[in-house]
Amino acid sequence: MSSKKTADFESDSSVSFNDADEELQSENAQQKKGGCMGCLRENLFVILILIGVAVGFGIGFGVRKLNPSPVAITWIGVLLICIAFGLAARKAGDIGKAFLDFFRSLAGVVLNLVNAFLQCTPVGVAFMIASAILNVEDIKAAFAGLGMFVLTVTAGLGILFFLFLIVYGAFALRNPFPFLRYNVKAWFISFATTSPIVSLPEMFDGCDQYGVDQTVSRFSLPLTATLLASGPAVFISAAAIFVAQTAPEMPSVGTLVIIW
């Protein structure tokens with residue numbers, strides 16, 4: 001009886017070893033069959049790490065040559081982190097809904113605060129003008145220079161405005177004026193405050209009335225208002241040139257071209 005059990009055990013062991021050998025042989029055959037692609041699939045994580053190291057060196061040396069300001073580096077990091085959190089929360093489904101609802105409510109509160117501050121803008125502008133006039137000795141020369149500055153900025157913004165309409169009509173193949181009707185208020189607020197961030201609530205309302213999906217407008221408008229800022233660029237470049245006129249030496253033509 002014991003010899004029979006021993007024989008059965010040996011037969012089972014031989015069968016299990018044979019099965020293990022067959023599985024090992026099949027795995028080796030699959031690896032050989034995969035060849036180079038199989039090796040890449042197995043070592044994909046290590047390869048991606050090496051690629052990341054190389055890309056990191058390239059980006060580091062490139063950014064080092066550009067020498068960006070700490071504020072720009074901070075803003076880029078903030079934007080990338082916000083985009084990553086938004087995509088991860090959206091991918092999480094129902095689990096990330098509470099996270100998204102919190103930030104939607106926070107965005108609504110911030111927009112209400114911006115609207116409240118916007119209503120107080122005329123009072124702040126009045127006090128700023130009053131304090132500026134108190135420190136001016138030659139009122140006529142100051143108003144002449146200020147008028148020329150305002151005219152220059154207005155002309156630059158007008159050119160930018162019509163270029164925007166032309167580009168929109170050429171690429172979207174649509175009449176830009178119906179869309180413009182919903183965003184005129186945002187344009188005027190941006191012009192009055194010299195800041196596109198302040199006009200974000202009106203931009204949101206205009207896009208909602210025009211029928212733009214909120215997932216698109218809530219993502220693209222803050223990003224473009226922060227990074228694009230063509231209007232403030234016109235204002236800042238014109239201000240730099242007007243301030244440069246008071247310097248002992250006029251800037252060169254190359255400096256003026258770089259500013260513009």
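Mapped onto the working numbering, the consecutive letters of the sequence shown carry residue numbers 1 to 260. Where a beta carbon is used, it is the ideal one built from N, C-alpha and C, also for glycine. None of the values given here were measured: they were computed from a predicted structure.
{"Item": "Assuming residue 90 and residue 96 form a contact by the criterion Cβ under 8 Å, report the distance between their Cβ atoms to the nearest whole angstrom.", "Value": "7 Å"}
{"Item": "Quick one: grab the DSSP three-state call for residue 118.", "Value": "helix"}
{"Item": "So, helix, strand or coil for residue 1, using DSSP?", "Value": "Confidence in residue 1 is poor, its pLDDT being 48 and thus under 50, which makes the residue's placement too unreliable to answer from."}
{"Item": "How many Å lie between residue 185 and residue 127 at the Cα?", "Value": "24 Å"}
{"Item": "Where does residue 48 land, buried or exposed, given buried means 16+ other C-beta within 10 angstroms?", "Value": "exposed"}
{"Item": "Are at least three pairs of beta-carbons, each pair with one atom in the stretch 197 to 217 and one in the stretch 103 to 118, less than 8 Å apart?", "Value": "yes"}
{"Item": "Applying the criterion that 16 or more other CB atoms from any shown protein chain within 10 Å of the CB defines a buried residue, is residue 196 buried or exposed?", "Value": "buried"}
{"Item": "Which residues mark the beginning and the end of the alpha helix (DSSP H) in which residue 249 is found?", "Value": "Run containing residue 249: none; DSSP gives neither H nor E here."}
{"Item": "Which residues mark the beginning and the end of the alpha helix (DSSP H) in which residue 158 is found?", "Value": "139 to 172"}
{"Item": "Among the residues of its own chain, which have a CB less than 7 Å from the CB of residue 16, if the five just before and after it don't count?", "Value": "Since pLDDT at residue 16 reaches only 48, below the 50 mark, its modelled position is unreliable, and the value read off the structure follows with that caveat. So the list is empty, once near-sequence residues are dropped."}
{"Item": "Contact defined as beta carbons within less than 8 Å: I believe residue 160 pairs with residue 176. What is the distance between those atoms, to the nearest angstrom?", "Value": "That belief does not hold up - the Cβ atoms of residue 160 and residue 176 are roughly 14 Å apart, past 8 Å."}
{"Item": "So, does the stretch 208 to 221 touch the stretch 230 to 242, judging by three or more C-beta pairs under 8 Å?", "Value": "no"}
{"Item": "On a CA-only basis, which of 229, 242, 44, 198 is nearest residue 150? Give me that one, please.", "Value": "242"}
{"Item": "Whole angstroms is fine: what's the gap from residue 46's alpha carbon to residue 61's?", "Value": "23 Å"}
{"Item": "Can you tell me whether residue 157 is buried or exposed, with buried defined as 16 or more other CB within 10 angstroms of its CB?", "Value": "buried"}
{"Item": "With DSSP run on the structure shown, which of helix, strand or coil describes residue 186?", "Value": "helix"}
{"Item": "Hey, how far is the Cα of residue 250 from the Cα of residue 152?", "Value": "18 Å"}
{"Item": "I believe residue 190 touches residue 231 by the beta-carbon criterion, under 8 Å. Please report the beta-carbon distance rounded to the nearest angstrom.", "Value": "6 Å"}
{"Item": "Does residue 80 come out as helix, strand or coil in the three-state DSSP assignment?", "Value": "helix"}
{"Item": "Please report the distance separating the alpha-carbon of residue 163 from that of residue 198.", "Value": "23 Å"}
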